[in-house]
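In the numbering used here, the protein residues as written are 1 to 92.
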């Protein structure tokens, strides 16, 4: 059987470092304050990354990855090409 994703609106922010002042959304700032997300360093190239605690364990977001806030407030990273193929901007 084939399935189509239900249309659902999510919030997302593209990870850059250093992030422009005021660009960090409040939901991500709160996650960082609650230690559900934090900055780290990649071991292979020492580049800044963001670690996101998910129900499946800790996941790494690299520069330019999207941080998505799902319908239940869960956070997870998404590579730019997957994000562009899956999501489109909405009003509001």
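Ideal Cβ positions, reconstructed from N, Cα and C, are used throughout, including at glycine.
Neighbourhood of residue i by C-beta distance below 7 Å, restricted to the same chain and skipping five residues each side
| i | result |
| --- | --- |
| residue 31 | 37, 75 |
| residue 96 | A question about residue 96 goes unanswered here, because the residues of the chain that appear run from 1 up to 92. |
| residue 9 | 90 |
| residue 59 | 52, 76, 77 |
Sequence-distant residues of its chain with Cβ nearer than 8 Å to residue i (five each side left out)
| i | result |
| --- | --- |
| residue 13 | 23, 24, 25, 28, 66, 67 |
| residue 73 | 27 |
| residue 55 | 74 |
Whole-number beta carbon distance between residue j and residue i, since they are thought to touch under 8 Å
| i | j | result |
| --- | --- | --- |
| residue 63 | residue 47 | 7 Å |
Cβ pair residue i, residue j closer than 9 Å
| i | j | result |
| --- | --- | --- |
| residue 69 | residue 11 | yes |
| residue 6 | residue 86 | no |
Beta bridge counterpart(s) of residue i as assigned by DSSP
| i | result |
| --- | --- |
| residue 48 | 41 |
Spatial neighbours of residue i in its chain, beta-carbon cut-off 6 Å, leaving aside the 5 residues before and after
| i | result |
| --- | --- |
| residue 83 | 66 |
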